Amino acid sequence: MLSTHGRRSASVIVEPVARGLLRLGLTPNMVTVIGAVVAAGIAVALIPSGHLVWAAVTSGVFVAFDLIDGTMARLRGGGTKFGATLDATCDRITDGALFAAITWWLIFSYQPHPSLIVASLVVLVGSQVISYVKARGEASGFSIVGGLIERPERLIIGLTGIGLQGLGVPYAVDVAIWVLAAGSVYTVVQRLYMASRDSQADDHIAPPPGARDSDPQEANAR
Numbered sequence: 001m002l003s004t005h006g007r008r009s010a011s012v013i014v015e016p017v018a019r020g021l022l023r024l025g026l027t028p029n030m031v032t033v034i035g036a037v038v039a040a041g042i043a044v045a046l047i048p049s050g051h052l053v054w055a056a057v058t059s060g061v062f063v064a065f066d067l068i069d070g071t072m073a074r075l076r077g078g079g080t081k082f083g084a085t086l087d088a089t090c091d092r093i094t095d096g097a098l099f100a101a102i103t104w105w106l107i108f109s110y111q112p113h114p115s116l117i118v119a120s121l122v123v124l125v126g127s128q129v130i131s132y133v134k135a136r137g138e139a140s141g142f143s144i145v146g147g148l149i150e151r152p153e154r155l156i157i158g159l160t161g162i163g164l165q166g167l168g169v170p171y172a173v174d175v176a177i178w179v180l181a182a183g184s185v186y187t188v189v190q191r192l193y194m195a196s197r198d199s200q201a202d203d204h205i206a207p208p209p210g211a212r213d214s215d216p217q218e219a220n221a222r
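As structure tokens, this is what we get:
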């Protein structure tokens with residue numbers, strides 16, 4: 001939800017930063033990779049070691065690079081197909097590192113009820129599936145816009161949960177994980193429903209390379 005509306009509000013801060021990075025000679029792709037590497041490194045280094053507040057604050061800063069690189073590309077005249085692919089790939093790496101680190105901390109430091117660990121694994125897998133449904137659907141020509149828990153919501157809720165937990169707020173991470181688990185499952189179903197209702201949903205696709213074409217008469221007999 002926030003990915004559609006939040007970028008406009010953030011542009012007042014993001015655009016000057018993006019212009020400054022361009023003046024320094026950085027490219028959008030460089031910023032994408034730097035942001036992903038640093039954000040993933042922060043997550044796997046700070047969260048398992050229990051530095052939750054620092055992890056939340058610093059991860060939030062570098063995750064913001066996801067807005068900056070896109071703005072840089074726009075200021076340069078528009079993004080490229082490779083840039084979009086690189087950005088989506090780095091987003092998946094960053095999300096995976098964050099929620100894998102949270103799950104690690106839950107298991108070895110927080111030691112909650114096993115159901116919370118299961119919920120955290122649901123979030124870890126769901127974060128990848130939500131994005132995959134959109135990417136695969138759009139590759140098929142579907143229009144899949146929005147969703148209850150998109151990447152901005154996922155990061156805000158997750159980082160807020162561990163940050164408040166680090167400040168001593170009881171069960172903050174529990175609430176965050178359960179909200180994300182339920183919301184992630186809902187969003188996967190929501191996006192699949194969007195795909196099923198698309199005007200092209202029942203269009204036939206070509207068989208994969210190497211597969212034998214089915215006999216139309218045989219298909220009709222079934």
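Taking the UniProt record's numbering, the leading residue of the sequence shown gets 1, the next gets one more, and so forth.
Quick reminder that beta carbons are idealized off the backbone N, C-alpha and C, glycines included.
Computed from a predicted model, the values in this text were never measured in an experiment.
For Y132, the enclosing alpha helix (DSSP H) covers residues 114 to 139.
The Cβ-Cβ distance between V173 and I162 falls below 7 Å. Note on geometry: alpha-carbon atoms of I42 and T58 lie some 7 Å from one another. When secondary structure is reduced to three states using DSSP, R76 falls in the coil class, being assigned neither helix nor strand. In this structure, DSSP gives D202 a state outside helix and strand, which the three-state scheme calls coil.
The stretch 117 to 132 and the stretch 183 to 203 touch, with no fewer than 3 CB-CB distances between them shorter than 8 Å. The shortest CA-to-CA distance from S49 to any of V63, S109, R19 is the one to S109. Restricting attention to W105, A201, A100, the CA atom closest to the CA of I144 is found in A201. Closest in C-alpha terms to G60, from the list A195, L159, Y193, comes L159. Cα atoms of F62 and A195: separation of roughly 32 Å, rounded to the nearest angstrom. Taking C-beta atoms as the reference points, V53 and G168 fail to come closer than 7 Å. By the criterion of at least three beta-carbon pairs nearer than 8 Å, the stretch 134 to 141 is not in contact with the stretch 73 to 87. The Cβ atoms of I47 and I117 lie no closer than 7 Å to each other. The C-alpha of R19 is placed about 9 Å away from the C-alpha of T71. Less than 7 Å divides the Cβ of A40 from the Cβ of A97.
Here the alpha carbons of I68 and D203 stand approximately 38 Å from one another.
For P28 against A73, the beta-carbon gap comes to about 4 Å, under 8 Å, which counts as contact.
S59 sits in a helix when the DSSP states are folded into three classes. DSSP places A176 inside the alpha helix (DSSP H), whose first and last residues are 172 to 196. For T27, the secondary structure class from DSSP, reduced to helix, strand or coil, is coil.
Annotated as distal: R191 and G141, with beta-carbon spacing of 7 Å or more.
Under the three-state reduction of DSSP, I102 is assigned to helix.
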